Amino acid sequence: MTPKNKKYAKYLGLFILSVSLLNSPYFGSFGPILSLLSVLFFLIAGLLFSVLNIFSKGYKKPSSYAPLVIFPIVTVIALSLSVTGTGDHVHFLLNKSNLQAIDTLSQDANIHQISNMRRHHKMLNDQLISNDDSYTTKQEIAAAYAGTIRVDNLDVEKVALLRKKLDRSGVVSMAREQGYIVLTMGGFLDNEFGYLKAPNNDIEVGYMIPPYGLTVISLTELHNGWYFYYTT
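The opening residue of the sequence shown carries number 2 in the working numbering; numbering runs sequentially from there.
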């Protein structure tokens, strides 16, 4: 392979990787849209380049038609990796130990829910522990959520540690109910996405998940019972 071809191969590889990662938690709800738009732009630009390449090099040369074959193939590969949740798998592998720690710690600490005060289902501080940035230290959490901590007999240090682990993985709310653990990463209104772990892998598209009974419209199976989900 010539140095020029190696350079092209590197660019094509980077394109495939970037499209795969666009459809991932790193880019939130807009990731799938950005991924699709990137693929369409690449395909159109690639086809235009392929046609111009044939005219510039001459239609009699077989090498002139190489881009016309390569661009659609690369587009199909990139789109396939995006649709099959490659970006979700990458994010999960990088956060796997932290997610497992959240699962274990929330069970040990008997914490069933941490709400997302930055979004639509807001609760009064004394009713439900939240991820509000106003309360981050152990002392602030103890003061803000005294009622819940006292009634549920929670360990403040474990609450603070769990909050830190949630933030580290980009999780904005946690719910543990009916054997499920649901870690919401973002979304708007009832369109949410994140990680979930189901009892005995009892989860399918169309199921309603706690805590608000939102319907799962997309599932990517990961590892050890974990899934990446989208709801509506």
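Quick reminder that beta carbons are idealized off the backbone N, C-alpha and C, glycines included.
Note that the structure is a prediction, hence the values are computed from the model and not measured.
The shortest C-alpha to C-alpha distance from F194 to any of N201, L215, D203 and A145 is the one to L215.
Per the Cβ contact rule, the region 171-183 is in contact with the region 94-112 (3 or more Cβ pairs under 8 angstroms). Taken atom to atom, the span from the alpha-carbon of V20 to that of F72 is near 14 angstroms. Taking every protein chain shown into account, the CB of A10 has fewer than 16 other CB atoms within 10 angstroms, so this residue is exposed. In this structure, the CA atom of V172 is about 4 angstroms from the CA atom of M186. DSSP lists Q114 and V183 as the beta-bridge partner residues of A176. Residue state for S83 is assigned as helix, using DSSP reduced to three classes. The beta carbon of Y136 is closer than 7 angstroms to those of I142 and A145 in its chain, skipping five residues each way along the sequence. Taking C-beta separations shorter than 8 angstroms and ignoring five residues to either side along the sequence, the partners of D156 in its chain run A110, following chain order. In the three-state DSSP reduction, I204 falls in the coil class, being neither helix nor strand. Sequence-distant partners of Y231 (beyond 5 residues in either direction) whose C-beta falls short of 6 angstroms from its own C-beta, in its chain, are F194, I218 and S219. At a Cβ-Cβ threshold of 7 angstroms, I182 and D104 count as neighbours. Remark: three or more beta-carbon pairs, one from each stretch, lie closer than 8 angstroms, so the region 75-83 and the region 37-55 are flagged as touching.
Taking the Cβ atoms as the reference, G88 lies roughly 20 angstroms from L167, outside the contact range of under 8 angstroms. Taking N225 as reference, the option from M209, K198 and L95 with the minimal CA-CA separation is K198. Bounds of any alpha helix (DSSP H) do not take in L197; it lies within the beta strand (DSSP E) bounded by N192 to K198. Taking C-beta atoms as the reference points, N54 and P68 count as a pair closer than 7 angstroms.
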